[in-house]
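These protein sequences, in sequence, are chains A and B.
Using my numbering, read the first sequence as starting at 1396 and increasing by one per residue.
Using my numbering, read the second sequence as starting at 31 and increasing by one per residue.
Note that CB positions come from ideal geometry on N, CA and C, so glycine has one too.
The structure presented is a predicted model; accordingly, all values stated were derived computationally and were not measured.
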Amino acid sequence: MRLRCVALRIVVAAAAACFAPAGVAQPPLGAPPSGPGYPQVYDPAMPFDARDIAGIWTPNVVGFGGGGRCRDCGDRGFSLEFPVFTPAGQAAFDANTPSYGRALGSADAQAHPEEHIGRRRAQPPALGNDLYQQCNPMGIPRAILYPDPEELVVLPDRILQHFQWGYGLRTIWMDGRPLPKSEEIDLARWWGYAVGRWDGNTLVVTSTGYDERTWIDHFGYPHSDRMVLEERYTRINYDTLELKMVLTDPAYYAQPWVAQTKRMHLIPGNFIQSSGWSGLIEDLCAPVDEVDTFNRLIRDPAGTGKPAEPPR
Amino acid sequence: MRRLVADLSLGAALLAATLPAAAHHGTLISYDRDKQWTREATVTSFHYANPHPQLFFDVVDDRGSAEHWSAEMLSNPSALLRLGWTKVRSVDALAPGKKINVTIAPSRAGGTVGLVLKITDQQGADLVSDTVSYPQPPNAAAQKP
């Protein structure tokens, strides 16, 4: 009964939490946020095992499939703090052209000097260079920041972090192996090299060796292949997994960069359904020519005003 | 448990009426919703695919000439699924030759390409509905989709 009441509250709460379409410089519409602001299926006050983190966790306001991140989950950016770049880091940052955030040079961007310029320099994707625009893997931590669910599959010697968008799979090794030194890694990975351990009731994941073509977040913050990321996951109640992160990358950042605290919420295994089939959706851009077609026929003409290019 | 799932379904249905999907692919910045327009159109094709479904259609311009448009939807297939617009249902609703009313935010850069804001049939019923409103998490203005 209690669960059912919570489930019903989802509707009102999530609806009330919503604002109107957010295009470029569009004013928000609708009621102010209220309620939990996420699909609160489970009573957070129920007893739980702090080290049991298996299941589907979502930072999404409606669970999955659009709608953005839930109100208490933190935003899609890594940090609200201003990063301190090295000269190489600044050059890498300047070379990235994202399509998220406030539009470059807009009145909206100029009205928010309290935000780092990384959040105020968006350009149409046709003019950008975000590899995600070709549906390449987002890597870590960007995939964690994406507003769709992930499933944590806990095995005896590893934890699999399975992301719905891109159907990406990251392995966190729990078998005691040491993390390789970044300078000794021959082949960087889109999903990096990661090891985990328990520190009390907090899962500490340390990782490195990421392909430096991935971005920290959708604002285009860069990282080198020497980046070491520490993630600290703590289940703070029955339905909430909290994540604190610190990025250390002396090649690009003059000091460690601390992330905004992020949260995800537990949803039942049958919450996501397609054709009566429950579990993560295979949310891929595949075959690859589908995204090429989208970019050629719509994204690029929309961003440039030029007619669609003929098929390659 | 069965009751819980039923309530969740009710919730999903109500949410469908109030909560749209979000564009995932960063293209919103390309369109000008202050210049949106609504016209009768004839579907030429519809692609139910990631990263965003795409609608191709013909409209008759002010001079009586046919004009071909290409447009993307805000949502992606997983969002449409959540809202009950399965692939079969969507493709059927937007089969080639179907007469629709379509509301478009045109490209800021010009041309005949835009963002689908709303589609209705000739009776005014929503089709492949992805009318979107976004939640407002902390600092949300900085993370417009």
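### Given F76(B) as reference, the closest of L104(B), D122(B) and G114(B) once Cα atoms are compared
Nearest option by C-alpha distance: D122(B).
### Message
If contacts are defined as beta-carbon pairs under 8 Å, then V1436(A) and I1662(A) qualify, I think. What distance do you get, rounded to the angstrom?
### Response
With a Cβ gap of about 6 Å, V1436(A) and I1662(A) count as contacting.
### Task
Identify the continuous alpha helix (DSSP H) that holds F1488(A) and give its terminal residues.
First-last of the alpha helix (DSSP H) with F1488(A): P1482 to A1490.
### Query
Interface residues of chain A around S120(B) at Cβ under 9 Å?
Against chain A, a Cβ distance below 9 Å from S120(B) picks out nothing, because the smallest value is about 13 Å.
### Query
Within the chosen definition, does the segment 1665–1680 of chain A reach the segment 1500–1510 of chain A through at least 3 CB pairs nearer than 8 Å?
Because the criterion of three Cβ pairs below 8 Å is not met, the segment 1665–1680 of chain A and the segment 1500–1510 of chain A do not touch.
### Message
Assuming contact is defined by CB atoms lying nearer than 8 Å, are L145(B) and V73(B) in contact in what I supplied?
### Response
Against a cut-off of 8 Å, the Cβ pair of V73(B) and L145(B) comes out as no contact.
### Task
In angstroms with no decimal places, state the Cα-to-Cα distance between S100(B) and L58(B).
Roughly 15 Å between the two C-alpha positions.
### Query
What first and last residue would you give for the beta strand (DSSP E) that runs through E1685(A)?
First-last for E1685(A): V1683 to F1689, but that is the alpha helix (DSSP H), not the beta strand (DSSP E).
### Message
Using C-beta distances below 8 Å, list every residue in its chain close to Y1588(A), excluding the 5 sequence neighbours before and after it, in chain order.
### Response
Excluding residues within five positions, the ones whose Cβ falls inside 8 Å are L1574, P1575, I1580, S1602, T1603 and G1604.
### Task
Quickly, what does DSSP pair G154(B) with across the bridge? List them, please.
Paired residue(s): none; G154(B) is not in a bridge.
### Query
Looking at chain A, which residues of the segment 70–83 of chain B have a Cβ within less than 8 Å of any of its Cβ atoms?
Under the 8 Å Cβ criterion, the segment 70–83 of chain B contributes H77, A79, N80, P81 and H82.
### Query
Does any CB atom of chain A fall closer than 8 Å to the CB of G114(B)?
So no, G114(B) is outside the interface.
### Task
Give the straight-line distance between the Cα atoms of G1458(A) and L1642(A), rounded to the nearest whole angstrom.
Straight-line Cα distance between these residues: approximately 28 Å.
### Query
Can you tell me where the alpha helix (DSSP H) with A1589(A) in it begins and where it stops?
No alpha helix (DSSP H) contains A1589(A), which is instead part of the beta strand (DSSP E) from Y1588 to D1594.
### Query
For a contact meaning CB atoms closer than 7 Å, what does L157(B) contact in chain A?
Residues of chain A whose Cβ lies closer than 7 Å to the Cβ of L157(B) do not exist; the shortest such Cβ separation is about 17 Å.
### Query
If you drop the 5 nearest sequence neighbours on each side, which residues of the same chain put their C-beta closer than 7 Å to that of P1520(A)?
Closer than 7 Å at Cβ, skipping near neighbours: S1494, Q1528, R1694 and G1698.
### Query
Among residues of its own chain, excluding the 5 on either side of W1560(A), which ones have a beta-carbon nearer than 6 Å to its beta-carbon?
Excluding its 5 nearest sequence neighbours in each direction, W1560(A) has C-beta neighbours in its own chain below 6 Å: Y1541, D1543 and D1678, listed in chain order.
### Message
On the DSSP letters alone, give me the boundaries of the beta strand (DSSP E) that Q1505(A) sits inside.
### Response
Counting along the chain, no beta strand (DSSP E) covers Q1505(A); the unbroken alpha helix (DSSP H) around it starts and ends at A1502 to Q1505.
### Contact with chain A by S13(B), beta-carbon distance below 8 Å
Limits of chain B in this structure are 31 at one end and 175 at the other, which puts residue 13(B) out of reach.
### Message
Let me check understanding here. Comparing Cα to Cα, which of D1634(A), A1654(A), W1652(A) and T1656(A) lies closest to G1450(A)?
### Response
Shortest Cα-Cα distance from G1450(A) to any of D1634(A), A1654(A), W1652(A) and T1656(A) involves D1634(A).
### Query
In this structure, what does DSSP give as the bridge partners for D88(B)?
According to DSSP, D88(B) bridges with T72(B) and H98(B).
### Query
Checking contacts by CB at 8 Å: is L111(B) closer than that to chain A?
Output row for L111(B): interface = yes.
### Task
Note the first and the last residue of the continuous alpha helix (DSSP H) segment covering T1699(A).
DSSP places T1699(A) inside the alpha helix (DSSP H), whose first and last residues are D1695 to T1699.
### Message
Closer than 8 Å is the cut-off here; do at least three beta carbon pairs connect the segment 133–143 of chain B with the segment 82–102 of chain B?
### Response
The segment 133–143 of chain B vs the segment 82–102 of chain B: in contact.
### Query
Are the C-beta of G1698(A) and some C-beta of chain B separated by less than 8 Å?
For G1698(A), a Cβ of chain B is located within less than 8 Å of the residue's own Cβ.
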